[in-house]
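Okay, so here's the structure we're looking at.
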């Protein structure tokens, strides 16, 4: 085979590259440098997952924008090649740290390039947009904000992940058009101009089935919960979790009404282990439901604020008894598993709580706590650890 004239049919080469994409990504990159045909075919796989790091009026990403490429930046390179952009399946957009002041920042060029790229993204199914806890850079420029909102309104998006993004209530409710949604630390405000021209009307059909909410703090819970209510009849899976970057916090379980869900089969909650009150909130969440629930799996991820919570929970026997009896009642006759886990810990000061050894010890203690106090559930084989569930799924697959 010569360096520029492969003898294999294109279909065979494409089949080989497809296999390399799944098993040997470095090998696929090496093949791209063999000849122009290999480069053209391999790009269709090399650019299926793309990460773009934006900088005001520019971009930093690989390939190096200072190279001798005919395209000045990676973003303009993507925007200029419709065939290449149409093969992107997963897209991550984030912002580079900037030392310039807010008054000095300009986004016109970057916003224009993103607008050029948008209509070429005909196959993107997963979009992740990351901002920061302290400051949401997507609010710096109106044109930039409009095009970013328009990106997550692409008809092909099946999985949207928004990290620390500020949303208007309208933008939040429009997200019911997306089947799978993750809202990590988002903040909801009543109004934020401008409203994207591509999304002036409310969604007619609710297709949101899987929703994961990671609360930045209890104060935002009520605003974010609006989308849970809007999608309550269609939701099949709801995760209502605490941030891994913060210590135990109030999960505001009182705003969740299980009677509003008609199709919900999986519910995951973070449960702070810091006394009787969170346990009482947990019990009230399930006892308020007087109808027949469709829940099959309830996952409880326990949040250890200190190392001595278990002793304080042992005094709440009446609450445990209520919770135990509720789970085995006819209201939860569809319940198959109560999955126990430990909340993930990240961030400064959490190094001792991120090791696998610490997690294993906490998981065993927590599982024992729930099995002992939910004795009726345990006798029916309902109470398991999340590692057991993961192992069972692996065996089934």
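In the working numbering, the protein residues as written are -4 to 392. Backbone N, C-alpha and C define an ideal beta-carbon position, used for all residues, glycine too.
- [ ] Reducing DSSP to helix, strand and coil, say where residue 153 ends up.
- [x] Along the chain shown, one-based indexing puts residue 153 at 158. Here residue 153 sits in coil by DSSP.
- [ ] Would you mind reading off the limits of the beta strand (DSSP E) that contains residue 266?
- [x] The sequence position of residue 266 within the chain shown is 271, counting from 1. Here the beta strand (DSSP E) through residue 266 covers 261 to 267.
Task: residue 231 (DSSP reduced to helix, strand or coil) - done: Along the chain shown, read from residue 1 onward, the residue named residue 231 stands at position 236. Residue state, collapsed to three classes: coil.
TODO: In the DSSP assignment, find the beta strand (DSSP E) that holds residue 89 and state where it starts and stops.
DONE: By one-based count along the chain shown, residue 89 stands at place 94. Residues 85 to 90.
- [ ] Return the chain-ordered list of same chain residues with a C-beta closer than 7 Å to the C-beta of residue 216, the five sequence neighbours on each side being excluded.
- [x] What you label residue 216 is simply residue 221 of the chain shown in a count that begins at 1. Around residue 216: 210, 247 and 250.
Task: Completely contained beta strand (DSSP E) runs for the stretch 310 to 376, where each covers 3 or more residues - done: 332 to 337
Open item on the list: Is it buried or exposed, residue 63, if we count other Cβ atoms within 10 angstroms and call 16 or more buried?
Closed with: Residue 63 sits at position 68 when you count from the first residue of the chain shown. For residue 63, the predicted structure reports a pLDDT of 35, less than 50, and the residue's modelled location is therefore unreliable. The matter cannot be settled from this model.
Task: Delimiting residues of the alpha helix (DSSP H) encompassing residue 291 - done: Translated into the one-based positions of the chain shown, residue 291 becomes position 296. Counting along the chain, residue 291 falls outside any alpha helix (DSSP H), and DSSP gives it neither H nor E.
TODO: Compare the C-alpha of residue 273 against each of 116, 355, 298 and 225 and name the closest.
DONE: As a working note, residue 273 is residue 278 in the chain shown. If we check each option's Cα against that of residue 273, 298 comes out closest.
Open item on the list: Only counting the same chain, and skipping five residues up and downstream in sequence, which positions put a Cβ closer than 7 Å to that of residue 184?
Closed with: Within the chain shown, the letter at position 189 stands for residue 184. For residue 184, where only same-chain residues beyond five positions count, the Cβ hits under 7 Å are 161 and 163.
- [ ] Determine the contact status of residue 149 and residue 119, defining contact as a CB-CB distance below 8 Å.
- [x] Taking the first residue of the chain shown as 1, we reach residue 149 at position 154. Taking the first residue of the chain shown as 1, we reach residue 119 at position 124. Yes, these two residues count as a Cβ contact at 8 Å.
Task: Option nearest residue 80 by Cα separation, candidates 360, 112 and 331 - done: Numbered from 1 along the chain shown, position 85 holds the residue referred to as residue 80. Of 360, 112 and 331, the residue nearest in Cα terms is 112.
- [ ] State yes or no: is the C-beta of residue 393 within less than 8 Å of the C-beta of residue 167?
- [x] Because the chain spans -4 through 392 in this model, residue 393 falls outside it and cannot be assessed.
TODO: Locate the beta strand (DSSP E) running through residue 179, then write down its first and last residues.
DONE: To locate residue 179, count along the chain shown from 1; it is residue 184. It spans 175 to 179 - the beta strand (DSSP E) in which residue 179 sits, taken as one unbroken run.
Open item on the list: Quick check: residue 49 and residue 90, are their CB atoms within less than 8 Å of each other?
Closed with: Position 54 of the chain shown, counted from the first residue, corresponds to residue 49. Position 95 of the chain shown, counted from the first residue, corresponds to residue 90. Yes.
Task: Sequence-distant residues of its chain with Cβ nearer than 6 Å to residue 138 (five each side left out) - done: As a first step, residue 138 is located in the chain shown; it is residue number 143 there, counting from the start. Contacts found: 106.
Task: Cβ pair count under 8 Å reaching 3, the stretch 322 to 331 against the stretch 351 to 361 - done: no
Task: Separation of residue 356 from residue 253, as counted between CA atoms - done: In the chain shown, counting from the first residue as 1, residue 253 sits at position 258. In the chain shown, counting from the first residue as 1, residue 356 sits at position 361. Their backbone Cα atoms lie some 32 Å apart in a straight line.
Task: Straight-line gap, residue 369 to residue 287 (C-alpha atoms, nearest Å) - done: One-based indexing of the chain shown puts residue 369 at position 374. One-based indexing of the chain shown puts residue 287 at position 292. About 20 Å.
Open item on the list: With DSSP as the reference, identify every bridge partner of residue 298, one or two as the case may be.
Closed with: The residue labelled residue 298 in the question sits at position 303 within the chain shown. Looking at the DSSP assignment, residue 298 forms a beta bridge with 267.
- [ ] Leaving aside the five residues before and after residue 196 along the sequence, list all residues of the same chain whose C-beta is less than 6 Å from its C-beta, in chain order.
- [x] In the chain shown, the residue the question calls residue 196 occupies position 201. Bear in mind that a pLDDT of 38 at residue 196, under 50, signals an unreliable position, so the number given afterwards is only what the model happens to contain. Hits under 6 Å: none found.
Open item on the list: I'd like to check one pair, residue 201 with residue 237: are the Cβ atoms closer than 8 Å?
Closed with: Counted from its first residue, the chain shown places residue 237 at position 242. Counted from its first residue, the chain shown places residue 201 at position 206. Taking 8 Å as the Cβ cut-off, residue 237 and residue 201 do not qualify as a contacting pair.
Open item on the list: Using the Cβ count rule (16 or more neighbours within 10 Å means buried), how would you classify residue 321?
Closed with: As a first step, residue 321 is located in the chain shown; it is residue number 326 there, counting from the start. That one is buried.
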